[in-house]
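Asks:
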Amino acid sequence: MAEPSGFLYPMTTADDGASRAGDMGDLLDDLAASATAKAVESATTTAASIADHESELAALAAGMADRIGAGGRVFTCGNGGSATDAEGVAALFREPPRGRPVPALSLVSDLAIVTALANDVGFERVFARQLRVHARPVDIVMGFSTSGNSDNVLQALRAGHDDGLLAVGFAGDRGGEMAVADFLDTCLVVSSTSIHRIQEAQSALAFDLWGRVQDLLERESANTVHDPGGAA
Amino acid sequence: MTSSDPAAGPAADMAPVALALARRLARGGTLWCLSPTWPHHARHVAVEFVHPVMVGKAALPAVVVPSDDPVDATRSLVRDGDVLLVVGPGHEPSLVDVCRRTPAWGVETIWIGAGDRPDAALADHLVWTDDDPARVSVDGRLILVYHLLWELTQVCLEHAGRQLAEPEPSHDVCITCADEALVAEVVDVTDGAAVVRLQGTTTTVDTTLVDTPRPHDLVLVHAGIVLSTLDEPVAAT
Numbered sequence: 083m084a085e086p087s088g089f090l091y092p093m094t095t096a097d098d099g100a101s102r103a104g105d106m107g108d109l110l111d112d113l114a115a116s117a118t119a120k121a122v123e124s125a126t127t128t129a130a131s132i133a134d135h136e137s138e139l140a141a142l143a144a145g146m147a148d149r150i151g152a153g154g155r156v157f158t159c160g161n162g163g164s165a166t167d168a169e170g171v172a173a174l175f176r177e178p179p180r181g182r183p184v185p186a187l188s189l190v191s192d193l194a195i196v197t198a199l200a201n202d203v204g205f206e207r208v209f210a211r212q213l214r215v216h217a218r219p220v221d222i223v224m225g226f227s228t229s230g231n232s233d234n235v236l237q238a239l240r241a242g243h244d245d246g247l248l249a250v251g252f253a254g255d256r257g258g259e260m261a262v263a264d265f266l267d268t269c270l271v272v273s274s275t276s277i278h279r280i281q282e283a284q285s286a287l288a289f290d291l292w293g294r295v296q297d298l299l300e301r302e303s304a305n306t307v308h309d310p311g312g313a314a
Numbered sequence: 004m005t006s007s008d009p010a011a012g013p014a015a016d017m018a019p020v021a022l023a024l025a026r027r028l029a030r031g032g033t034l035w036c037l038s039p040t041w042p043h044h045a046r047h048v049a050v051e052f053v054h055p056v057m058v059g060k061a062a063l064p065a066v067v068v069p070s071d072d073p074v075d076a077t078r079s080l081v082r083d084g085d086v087l088l089v090v091g092p093g094h095e096p097s098l099v100d101v102c103r104r105t106p107a108w109g110v111e112t113i114w115i116g117a118g119d120r121p122d123a124a125l126a127d128h129l130v131w132t133d134d135d136p137a138r139v140s141v142d143g144r145l146i147l148v149y150h151l152l153w154e155l156t157q158v159c160l161e162h163a164g165r166q167l168a169e170p171e172p173s174h175d176v177c178i179t180c181a182d183e184a185l186v187a188e189v190v191d192v193t194d195g196a197a198v199v200r201l202q203g204t205t206t207t208v209d210t211t212l213v214d215t216p217r218p219h220d221l222v223l224v225h226a227g228i229v230l231s232t233l234d235e236p237v238a239a240t
């Protein structure tokens with residue numbers, strides 16, 4: 083493997099410079115090999131997650147498209163990196179690269195509301211309380227947790243389910259609490275123990291789901307437009 | 004996904020980028036994260052470094068730059084020795100404008116993105132995926148890139164942190180004799196002179212050879228004299 087020796091130059095100033103430069107070259111080689119292996123693992127985990135959940139994704143997309151067609155909106159939530167992934171999924175639905183924009187909001191993005199609820203009510207209620215204020219029975223809630231055990235995400239999904247929403251959980255490893263929850267309409271579990279690989283695959287699953295929903299919405303609008311009964 | 008190369012994407016090129024980031028962090032630098040196009044990605048990068056998902060890993064200073072006015076915010080926040088990580092497509096005008104100023108601020112840049120590449124000279128490190136950015140930014144592959152950058156940076160600091168913290172050797176090159184003109188950003192203007200940020204240091208330079216520049220203009224400085232004012236980047240049409 084070629085060594086990017088330009089980066090080693092600053093290491094060669096000390097009296098044991100030669101051996102140090104060699105060490106750093108080994109380190110860079112190890113890092114490149116490790117990164118490549120993990121990228122392959124990510125792609126493999128992602129492809130397997132989508133394949134494993136083929137039937138759930140198809141059924142879920144149909145349910146979501148029905149609700150969206152009836153005016154339903156998408157709410158997302160998660161914590162930490164999963165909070166940002168939830169924001170990304172909401173943005174994907176709301177400002178899509180193709181197809182129909184779907185009203186979608188993340189429950190993590192308003193810091194005034196999140197901190198007010200965390201301070202006054204408790205962190206485990208920050209998403210559920212917002213959902214109770216905003217959501218209607220036709221809506222959809224998607225919760226992201228790599229362990230499947232995040233209390234505030236579970237409470238949001240439960241509150242959503244109780245209010246008639248379609249409740250979708252994204253989990254990892256063996257699914258944690260989400261895998262056995264009776265308040266989820268669908269639970270998509272990424273079978274990995276790496277939090278990073280789980281997050282990557284969860285985003286891929288959500289992207290796949292979004293594509294299926296868009297296809298169904300396009301078919302529906304095409305049917306509406308071309309309905310001969312509707313033509314004057 | 005049987006062949007490793009397509010699946011690996013930019014992963015194999017990331018080791019030197021992580022080493023450069025680790026070196027600046029080891030010397031006390033801050034990692035600034037900016038993504039006007041996809042602000043949630045900047046937030047994800049910052050939370051990785053500040054609150055690692057793996058127990059026992061070092062918490063490192065990473066901060067999201069507010070992206071309402073990226074250039075003004077970054078100018079105000081960054082200091083000599085910091086790193087700016089930008090995430091976005093190569094044509095994002097505010098990222099182009101920020102990155103052309105970073106040499107003056109003494110800031111090393113990492114640009115993570117997809118699709119059409121920016122001018123390679125704009126950033127010290129490009130970590131690039133050539134596929135459609137509208138897809139890469141949402142299907143998990145961009146997340147993979149900064150997950151790997153975080154992990155490799157941690158490894159560099161664990162294995163070589165003390166070594167990386169040692170000061171950079173002096174190059175002992177006279178930039179006048181080397182005939183090297185450097186980009187500086189004007190801070191303030193007086194009669195015939197200007198205070199500028201130049202390689203992270205604030206200094207006064209002579210402006211008598213050029214039309215009086217305005218604050219925030221980029222100028223080319225050689226031997227303490229402003230040779231020219233750089234044009235604004237041409238907006239893509």
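Protein chains in written order, with the numbering used here: chain A, 83 to 314; chain B, 4 to 240. Note that beta-carbon positions come from the ideal geometry of N, C-alpha and C, so glycine has one too. What you are looking at is a predicted structure, and each value in this text was computed from that prediction instead of being measured.
Could you list which residues in chain A have their beta carbon closer than 7 Å to that of residue 51 of chain B, in chain order?
Replies: Correct list: 163.
Asks: To the nearest angstrom, how far is the alpha carbon of residue 29 of chain B from that of residue 67 of chain B?
Replies: Rounded to the nearest angstrom, the two C-alpha atoms are 19 Å apart.
Asks: Return the CA-CA distance between residue 181 of chain A and residue 116 of chain B, expressed in angstroms with no decimal places.
Replies: Taking the straight line joining both Cα atoms gives about 23 Å.
Asks: Is it right to say residue 275 of chain A is buried, meaning 16 or more other beta carbons lie within 10 angstroms of its own, or is it exposed?
Replies: Burial call: exposed.
Asks: In the structure shown, what three-state DSSP assignment does residue 57 of chain B receive?
Replies: In this structure, residue 57 of chain B counts as coil in the three-state DSSP scheme.
Asks: List the residues that DSSP assigns as beta-bridge partners of residue 111 of chain B.
Replies: Note: residue 111 of chain B sits in a beta bridge opposite B:86.
Asks: Under 8 Å by Cβ, that's how I've got residue 245 of chain A and residue 229 of chain A pegged, so tell me the actual separation to the nearest angstrom.
Replies: That belief does not hold up - the Cβ atoms of residue 245 of chain A and residue 229 of chain A are roughly 25 Å apart, past 8 Å.
Asks: Please state whether the Cβ-Cβ distance between residue 205 of chain A and residue 224 of chain A is less than 8 Å.
Replies: Cβ distance not < 8 Å, so residue 205 of chain A and residue 224 of chain A don't count as in contact.
Asks: Which of helix, strand or coil does DSSP assign to residue 215 of chain B?
Replies: In the structure shown, residue 215 of chain B sits in coil (DSSP, three-state: anything other than H, G, I, E or B).
Asks: Is there a C-beta anywhere in chain B that falls below 8 Å from the one on residue 170 of chain A?
Replies: So, interface residue.
Asks: So, is the C-beta of residue 64 of chain B closer than 8 Å to a C-beta in chain A?
Replies: So no, residue 64 of chain B is outside the interface.
Asks: What span of residues does the alpha helix (DSSP H) with residue 184 of chain A cover, start to end?
Replies: Counting along the chain, residue 184 of chain A falls outside any alpha helix (DSSP H), and DSSP gives it neither H nor E.
Asks: Looking at chain A, which residues of the stretch 68 to 98 of chain B have a Cβ within less than 9 Å of any of its Cβ atoms?
Replies: Under the 9 Å Cβ criterion, the stretch 68 to 98 of chain B contributes no residue.
Asks: Does residue 61 of chain B get closer than 8 Å to chain A when you measure Cβ to Cβ?
Replies: No - not a single Cβ of chain A is within 8 Å of the one on residue 61 of chain B.
Asks: Using a Cβ cut-off of 8 Å (strictly closer), state whether residue 289 of chain A contacts chain B.
Replies: Taking Cβ atoms only, chain B reaches closer than 8 Å to residue 289 of chain A, which makes this a yes.
Asks: Report buried or exposed for residue 57 of chain B, applying the criterion of at least 16 other Cβ atoms within 10 angstroms of its Cβ.
Replies: Exposed, since its Cβ has fewer than 16 Cβ neighbours within 10 Å.
Asks: When you compare the CB of residue 142 of chain B with every CB in chain A, is at least one pair closer than 8 Å?
Replies: So yes, residue 142 of chain B belongs to the interface.
Asks: Compare the Cα-Cα distances from residue 290 of chain A to each of A:118, A:110, A:106, A:130 and report the closest residue.
Replies: When only C-alpha atoms are compared, the closest one is A:130.
Asks: For residue 118 of chain A, return the contacting residues in chain B, with the cut-off set at a CB-CB distance below 7 Å.
Replies: Within 7 Å Cβ-Cβ: 7, 11, 14, 15.
Asks: Any chance the stretch 108 to 125 of chain A sits against the stretch 14 to 24 of chain B, with 3 or more Cβ pairs inside 8 Å?
Replies: Yes, since at least three Cβ pairs between the stretch 108 to 125 of chain A and the stretch 14 to 24 of chain B fall closer than 8 Å, the two stretches touch.
Asks: Identify whether residue 119 of chain B lies in helix, strand or coil by the three-state DSSP scheme.
Replies: Coil, per DSSP.
Asks: Leaving aside the five residues before and after residue 218 of chain B along the sequence, list all residues of the same chain whose C-beta is less than 8 Å from its C-beta, in chain order.
Replies: Result list for residue 218 of chain B: 189, 190, 191, 192, in chain order.
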